[in-house]
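Participant: Here it is, the structure in full.
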Amino acid sequence: MYESMTYSAILASMLDGVDDTYDKREGSVIYNALAPAAAQLAQAYLALDATADRGFVDTATENDLDKKAAERGLNRTAATCAVRKGLFYDASGALTDVDIGKRFSGGGLVYAVTAGMSTGIFKLTCETTGTEGNTYFGTLLPVEYIFGLGAATLSEVLTAGENEETDDALRERYYDNISSQAFGGNIADYKEKVNAISGIGGVKVTPVWNGGGTVKLTVITSDYGVPSDELIETVQTTIDPAENAGEGYGLAPIGHVVTVVGVSGTTVDVTATVTLGEGYEWNDISSSVTSAITSYFAELAENWADSTTTYVRISKVEQAILSITGVEDVQNTTVNGSAFNLTLDDGTIPAIGTVTVTTT
């Protein structure tokens with residue numbers, strides 16, 4: 428906005444305002460008197476430029492963006508802690524109970540027992556916020572000795588931990604809020620309310636799916652995976668408790684009977700004929716190829732909520748394989764035995780199955 432208001436331009440303008448009968452050359456009294464003022468004014472214009480950026484959603488960041496979003500009733504989503512399932516065994520290998528509040532370490536993080544699910548099976552909450560708490564699976568060690576405990580294992584993610592919402596994500600949500608007004612149980616309203624629930628990464632809303640007044644919500648986790656029964660129950664209770672369906676005890680309007688289901692995974696098996704570069708063996712790159720295909724599937728899952736139909740495309744699978752160093756060519760690619768693109772059902776995302784490769 429003030430790009431032209433540089434030190435040189437300001438100083439030149441100030442000197443132009445002085446009568447030419449005076450000495451205005453560099454080093455003169457007038458020049459030396461005006462130069463510091465021009466420098467300060469140039470700094471002020473830089474600050475004005477930055478201030479203008481802070482007032483627009485497109486260029487505001489951090490606290491300034493929070494204030495702009497708050498004008499629409501939107502708040503930045505805070506980081507949350509992962510809730511995991513833990514299994515506890517005595518010395519004989521039988522499931523055994525532990526006290527609420529006991530702390531266990533694993534994968535460099537600490538998890539605290541917060542609630543029981545059944546004998547020897549408990550909910551544990553990671554003490555560190557963010558997605559870190561979603562990644563470790565395996566042995567847990569008690570922070571303090573627990574008499575009679577033989578082993579402890581950290582298993583499935585019940586509610587995925589989330590990082591603090593980024594500026595870009597909050598900005599996108601702001602624009603979505605403007606372009607599709609949420610009101611009284613319309614599709615935009617359901618999306619806004621469900622996406623605000625911790626652990627949810629996206630939702631598809633199906634109105635009138637089982638007659639008038641019925642709504643189906645298909646949800647995906649914040650790490651774009653299949654949600655646990657625990658998370659589905661949380662969403663159901665928040666939106667429309669099953670025991671009071673349609674009575675308005677949740678966030679859904681009175682008269683809306685809401686059914687919450689989770690996205691499911693469809694196993695996708697891949698076969699291909701791969702030409703390797705000189706000096707490469709399949710065993711050298713097999714894990715990299717599988718990871719590349721898995722990354723493509725993860726991209727499809729991330730875009731699932733905003734897609735009308737999800738396709739696993741042969742060309743994209745081949746592109747993923749070709750991205751690996753050592754692969755020179757790929758052909759005869761199939762997904763689930765077909766040489767054509769795979770169309771997934773509306774409520775499913777792809778899950779990597781077997782990757783079978785013939786090398787040439």
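Numbered by my numbering, the letters in the sequence shown go through residues 428 to 787 in order.
Think of the CB as a built atom: it goes at the ideal place given N, C-alpha and C, for glycine as much as any other residue.
What is the DSSP secondary structure of Ser691, reduced to helix, strand or coil?
Facilitator: What you label residue 691 is simply residue 264 of the sequence shown in a count that begins at 1. Strand.
Participant: What would DSSP say about Lys631, mapped onto helix, strand or coil?
Facilitator: Walking along the sequence shown from the start, residue 631 turns up at place 204. Of the three classes helix, strand and coil, the one that applies to Lys631 here is strand, per DSSP.
Participant: Per DSSP, Arg530 is paired with what?
Facilitator: Here the question's residue 530 lines up with position 103 in the sequence shown. Answer is Ala539, bridged to Arg530.
Participant: Please name the residue, chosen from Ala506, Tyr563, Thr661 and Ile573, that lies closest to Lys529 on a Cα-to-Cα basis.
Facilitator: For the purposes of this step, residue 529 is taken as the residue at position 102 of the sequence shown. Nearest of Ala506, Tyr563, Thr661 and Ile573 to Lys529, Cα basis: Ile573.
Participant: Going by C-alpha distance, which of Thr546, Leu597, Asp493 and Cys508 is nearest Asp517?
Facilitator: Walking along the sequence shown from the start, residue 517 turns up at place 90. Among Thr546, Leu597, Asp493 and Cys508, the Cα nearest to that of Asp517 belongs to Thr546.
Participant: Since Thr775 and Gly692 should fall inside the 8 Å C-beta cutoff, what is the C-beta to C-beta distance between them, to a whole number of angstroms?
Facilitator: Numbered from 1 along the sequence shown, position 348 holds the residue referred to as residue 775. Numbered from 1 along the sequence shown, position 265 holds the residue referred to as residue 692. Yes, Thr775 and Gly692 are in contact; Cβ-Cβ is about 7 Å, under 8 Å.
Participant: Candidates Leu658, Ala539, Ala477 and Asn613: which alpha carbon is nearest Ala579's?
Facilitator: The sequence position of residue 579 within the sequence shown is 152, counting from 1. Looking at the Cα atoms, Ala539 is the closest of the given residues.
Participant: Val685 and Ile624 - do their beta-carbons sit closer together than 8 Å?
Facilitator: The sequence position of residue 624 within the sequence shown is 197, counting from 1. The sequence position of residue 685 within the sequence shown is 258, counting from 1. Going by C-beta atoms, Ile624 is not nearer than 8 Å to Val685.
Participant: Assuming contact is defined by CB atoms lying nearer than 8 Å, are Gly588 and Cys553 in contact in what I supplied?
Facilitator: The sequence position of residue 588 within the sequence shown is 161, counting from 1. The sequence position of residue 553 within the sequence shown is 126, counting from 1. Yes. Within cutoff.
Participant: Give the straight-line distance between the Cα atoms of Ser532 and Ala542, rounded to the nearest whole angstrom.
Facilitator: Working through the sequence shown from its first residue, we reach residue 532 at position 105. Working through the sequence shown from its first residue, we reach residue 542 at position 115. Distance between the alpha carbons of Ser532 and Ala542 is about 17 Å.
Participant: With distances taken between CB atoms, is the gap from Val690 to Ile647 smaller than 8 Å?
Facilitator: Locating residue 690 in the sequence shown gives position 263, where the first residue counts as 1. Locating residue 647 in the sequence shown gives position 220, where the first residue counts as 1. Cβ atoms of Val690 and Ile647: closer than 8 Å.
Participant: Identify which residue in Thr433, Gln467, Ala505 and Gln746 has its Cα closest to the Cα of Asp594.
Facilitator: On the sequence shown, position 167 is the one that residue 594 refers to. Comparing Cα positions, the closest option is Ala505.
Participant: Which residues mark the beginning and the end of the beta strand (DSSP E) in which Arg503 is found?
Facilitator: For this step, residue 503 is matched to residue 76 along the sequence shown. Arg503 -> no beta strand (DSSP E), and no H or E assigned at all.
Participant: Where does Asn490 sit, in a helix, a strand or coil, going by DSSP?
Facilitator: Counted from its first residue, the sequence shown places residue 490 at position 63. The answer is helix: DSSP assigns Asn490 an H, G or I state.
Participant: Is it the case that the Cβ atoms of Arg503 and Glu559 are separated by a distance below 8 Å?
Facilitator: One-based indexing of the sequence shown puts residue 503 at position 76. One-based indexing of the sequence shown puts residue 559 at position 132. Their beta carbons are not under 8 Å apart, which means Arg503 does not touch Glu559 by this criterion.
Participant: Mark Thr770 as exposed unless 16 or more other C-beta atoms lie within 10 angstroms of its C-beta, in which case mark it buried.
Facilitator: To locate residue 770, count along the sequence shown from 1; it is residue 343. Exposed.
Participant: For a minimum of 4 consecutive residues, which ranges assigned as the alpha helix (DSSP H) are wholly contained in the region 698 to 783?
Facilitator: The qualifying runs are 709 to 729 and 741 to 749.
Participant: Could you check where the beta strand (DSSP E) with Ser582 kicks off and where it finishes?
Facilitator: Along the sequence shown, one-based indexing puts residue 582 at 155. Taken as a continuous stretch (DSSP letters only), the beta strand (DSSP E) holding Ser582 covers Leu576 to Thr586.
Participant: On the three-state DSSP scale, how would you describe Gly560?
Facilitator: Residue mapping note: residue 560 aligns to position 133 of the sequence shown, counting from 1. Three-state result, Gly560: helix.
Participant: Does the beta-carbon distance from Lys512 to Ser582 come in below 8 Å?
Facilitator: For the purposes of this step, residue 512 is identified with residue 85 of the sequence shown, where counting begins at 1. For the purposes of this step, residue 582 is identified with residue 155 of the sequence shown, where counting begins at 1. In contact: Lys512 and Ser582 (Cβ atoms closer than 8 Å).
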